[in-house]
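Report on the structure given below.
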Amino acid sequence: MSRAIVVGAGIGGLAAAVGLRRMGWDVTVYEQASSAEPVGAGISLWSNALRALEWLGVGETIRSRGAVRLGGGVRTPSGRWLSRSLADAVLSDEDVTMVMVHRADLHEALLAALPPEAVRFGHRLERVDEGLDAVTVHLATSAGQVTDRADLLVAADGIRSVVRAQLWPVQFAPRYSGVTAWRGVTDQPFPLAEQSQTFGPATEVGVIQLQDGRVYWYATGDDAEGTTAPDERAEVLRRIGGWHAPIRQVVEATSPERVLRHDLYRLPRPYPSFVRDRIALLGDAAHAMLPTLGQGGCLALEDAVVLAAVLSLTGDEPGGVDLNAALLAYDQARRPRDQRLAAASDQIAKITQVRHPVALFLRDLMVRLTPPRIAARSVARATDWHPPR
Numbered sequence: 001m002s003r004a005i006v007v008g009a010g011i012g013g014l015a016a017a018v019g020l021r022r023m024g025w026d027v028t029v030y031e032q033a034s035s036a037e038p039v040g041a042g043i044s045l046w047s048n049a050l051r052a053l054e055w056l057g058v059g060e061t062i063r064s065r066g067a068v069r070l071g072g073g074v075r076t077p078s079g080r081w082l083s084r085s086l087a088d089a090v091l092s093d094e095d096v097t098m099v100m101v102h103r104a105d106l107h108e109a110l111l112a113a114l115p116p117e118a119v120r121f122g123h124r125l126e127r128v129d130e131g132l133d134a135v136t137v138h139l140a141t142s143a144g145q146v147t148d149r150a151d152l153l154v155a156a157d158g159i160r161s162v163v164r165a166q167l168w169p170v171q172f173a174p175r176y177s178g179v180t181a182w183r184g185v186t187d188q189p190f191p192l193a194e195q196s197q198t199f200g201p202a203t204e205v206g207v208i209q210l211q212d213g214r215v216y217w218y219a220t221g222d223d224a225e226g227t228t229a230p231d232e233r234a235e236v237l238r239r240i241g242g243w244h245a246p247i248r249q250v251v252e253a254t255s256p257e258r259v260l261r262h263d264l265y266r267l268p269r270p271y272p273s274f275v276r277d278r279i280a281l282l283g284d285a286a287h288a289m290l291p292t293l294g295q296g297g298c299l300a301l302e303d304a305v306v307l308a309a310v311l312s313l314t315g316d317e318p319g320g321v322d323l324n325a326a327l328l329a330y331d332q333a334r335r336p337r338d339q340r341l342a343a344a345s346d347q348i349a350k351i352t353q354v355r356h357p358v359a360l361f362l363r364d365l366m367v368r369l370t371p372p373r374i375a376a377r378s379v380a381r382a383t384d385w386h387p388p389r
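No gaps in the numbering here: position 71 of the sequence shown is 71 in the UniProt record's numbering, and each next residue is one more.
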C-alpha cells in the first residue's frame, strides 16, 4: 500500500486525506495545532464544493448542517438597494446553489470521516527532505523531534506554507493585499429579514443567516499591515458608523472576544507548478486568494478530490501508481483554474475597495446597471466544476 503524509489539518488537508484513503492510500495527517478546537466563522460552499463533498462521502452531512442562502443583494451604507435580483437569476440554474455552514461544522465532518489515529495534532513541520524513493518530514512536538517517511507529501499547510517556502524560498512569498477583515457569528439566533452585502468607501460588510438562526457577518477595510485594536468589535462599529440596519445590531449581538480579525494576503504571482517530485501543493499553500469570490475553501476541496482521483486512475492499484504522471495530471487539471479564479478575486477586490467619490459613484452605477443574468453567468462559470469520473 502506498503511503502519503498530509501536512495541515485544515479543510483542504483533511479533504485530501479522506480522498486518498478512499483510493486505498495509507494516510497520516500532521497538524501543528494542539487539538481540533472549533475555529473560524461561516463559510460559503458553492455547487462545486458541494459536488466535491459528495464525492468524498460527506455531502449529506454538510447539507444537513447548512442552509441554502442565495437571497438578498447589494446595498449602499444608507440601505438603498443597488441589486437584489441576482438570487432569482442564479436559482433558475439548477446546477448552481450555495450552502452556508459554520466552518467548524465542515471541519468536524471531514475529521469524522477519518480514523482518530490518522490525524496527529501538536506536530509542527520544520523541514522536508526529498529522496529518490521517498520524502521525509521532520517535525517538532512537545516531546521532541519526530521523523516520518512516505511516498507522497501533500502540502496543505496554508498561506504560510513551510513546504512552499522551502521549495520556492523568496519569489513566491505571500504579500499583504492592503485589506484587513473581521468575521463573527452572533451569540444567539438573530431575526435577519434578508442577507445582503453593503459596499461603502473602501469597506464591505456582509450578513448571512446560518441554519441555526445565528448570523454570520464579515467586514473588510483598508489598513496598515499588522494593525490591531484593543477591541476589534468596537473598531468595526466605529468604521460602519451610521450604516443601515441591521448591520450594527448584528455586530453588537456578537461577543467582543468572538470577533476575529485577519489581514488578507495573496500570492503575488502564479506558480510555475503545484508539484515537484513527490510533493503536491494544495489549497492556500498553492493558490491563496482574496475571499471576494467566496471560492478559497471551495477550490481547496476541488484540489483534494482531483489529487485523490488521479492517484487512483493512473494505476490499477495504489501501489502501482505512476506518481510522476499522477502529479503532472493534478497540476495540469488544477493550476489554470485555481490561478484564473485567484486573479478574478483580485480584480473584484479592487472594485470593492475604492474610496474616491467618483470611483464610488461609478462602482455603484456598474452594480446597479449590470443585468442579473450577466452576474448569474459569472457565478455559474466560477462554480462550473465536476469531479473526475
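We treat Cβ as the ideally placed atom computed from N, Cα and C, and that holds for glycine. Just so we're clear, the structure is a prediction, and the values are computed from it rather than from any experiment.
Helix, strand or coil at residue i [DSSP, three-state]
| i | result |
| --- | --- |
| SER196 | strand |
| GLY73 | strand |
| residue 392 | Given that the chain is displayed from residue 1 to residue 389, the structure contains no residue 392 and the question cannot be resolved. |
| THR136 | strand |
| PHE274 | coil |
| ILE5 | strand |
| VAL163 | helix |
| HIS107 | helix |
| MET366 | helix |
| ARG120 | strand |
| residue 390 | Outside the shown range of the chain, which is 1 to 389, sits residue 390, and nothing can be said about it. |
| TRP55 | helix |
| GLN339 | helix |
| ASP222 | strand |
Rounded distance between the beta-carbons of residue j and residue i, thought under 8 Å
| i | j | result |
| --- | --- | --- |
| TYR218 | TRP182 | 7 Å |
| ALA156 | ALA285 | 6 Å |
| ILE11 | ALA300 | 5 Å |
| LEU56 | PRO201 | That pair is no contact at about 41 Å. |
| VAL29 | VAL119 | 4 Å |
| LEU267 | ILE348 | Not confirmed; about 16 Å, so no contact. |
| VAL101 | ILE43 | 6 Å |
| ALA364 | LEU82 | Just to set this straight, residue 364 is Asp in the shown sequence, not Ala. Going by Cβ atoms, the distance from ASP364 to LEU82 rounds to 6 Å, so yes, they are a contact pair. |
| ARG21 | LEU114 | 7 Å |
| residue 396 | LEU290 | This structure does not reach residue 396, given that the chain is present from 1 up to 389, and the question cannot be answered. |
| VAL305 | PRO371 | At roughly 33 Å, the Cβ-Cβ gap does not stay under 8 Å, so VAL305 and PRO371 are not in contact. |
| VAL154 | ALA344 | Their Cβ separation, rounded to whole angstroms, is 26 Å, which puts VAL154 and ALA344 out of contact at 8 Å. |
| MET23 | LEU362 | About 50 Å; that fails the 8 Å criterion. |
Closest by C-alpha distance to residue i, when choosing among the options
| i | options | result |
| --- | --- | --- |
| ARG239 | PRO230, ARG335 and GLY221 | GLY221 |
| ALA173 | VAL162, ILE5 and GLN188 | VAL162 |
| ALA36 | ARG22, SER47 and ALA9 | ALA9 |
| PRO77 | THR147, GLY241, LEU264 and ALA326 | GLY241 |
| PRO189 | THR254, MET366 and ARG164 | THR254 |
| PRO256 | VAL39, HIS262 and ARG233 | ARG233 |
| PRO357 | MET100, PHE199 and GLU54 | PHE199 |
| ALA4 | LEU152, ARG51, THR136 and ARG127 | LEU152 |
| LEU260 | GLY283, HIS287, LEU282 and THR228 | THR228 |
| PRO246 | SER47, TRP168 and ARG75 | ARG75 |
| ARG164 | PRO270, ARG51 and LEU365 | PRO270 |
| GLN166 | ILE279, ASP26 and ASP263 | ILE279 |
| TRP168 | VAL305, SER378, VAL275 and TRP25 | VAL275 |
| ARG160 | TRP385, GLU60, LEU282 and ALA150 | LEU282 |
| ARG175 | SER378, ALA288 and HIS138 | ALA288 |
| ASP129 | ARG149, PRO116, LYS350 and PHE121 | ARG149 |
Neighbour-count burial assignment, residue i, 16 or more Cβ in a 10 Å radius
| i | result |
| --- | --- |
| PRO191 | exposed |
| GLY296 | buried |
| LEU132 | exposed |
| ILE374 | exposed |
| GLY184 | buried |
| residue 392 | With the chain covering 1 to 389 only, the question about residue 392 has no answer from this structure. |
| ASN324 | exposed |
| GLN209 | buried |
| PRO230 | exposed |
| GLU252 | exposed |
| ARG381 | exposed |
| HIS123 | buried |
| HIS107 | buried |
| ARG144 | Checking the displayed sequence, the identity of residue 144 turns out to be Gly instead of Arg. GLY144 is exposed by the Cβ-count criterion. |
| HIS262 | exposed |
| LEU45 | buried |
| LEU14 | buried |
| MET98 | buried |
| ARG214 | buried |
Which residues DSSP lists as bridging residue i, in chain order
| i | result |
| --- | --- |
| GLY66 | Its beta-bridge partners do not exist; DSSP assigns none. |
| ILE208 | TYR216 |
| SER83 | VAL74 |
| ASP26 | ARG3 |
| GLY144 | THR141 |
| VAL101 | ILE43 |
| THR203 | GLY200 and GLY221 |
| ARG127 | HIS138 |
| TRP182 | ALA219 and ARG261 |
| ILE279 | LEU153 and ARG276 |
| GLU31 | PHE121 |
Distance cut-off 7 Å: residue i Cβ against heavy atoms of the ligand GDP
| i | result |
| --- | --- |
| GLU257 | With respect to small molecules bound, the structure shown includes none, and the ligand GDP cannot be examined in it. |
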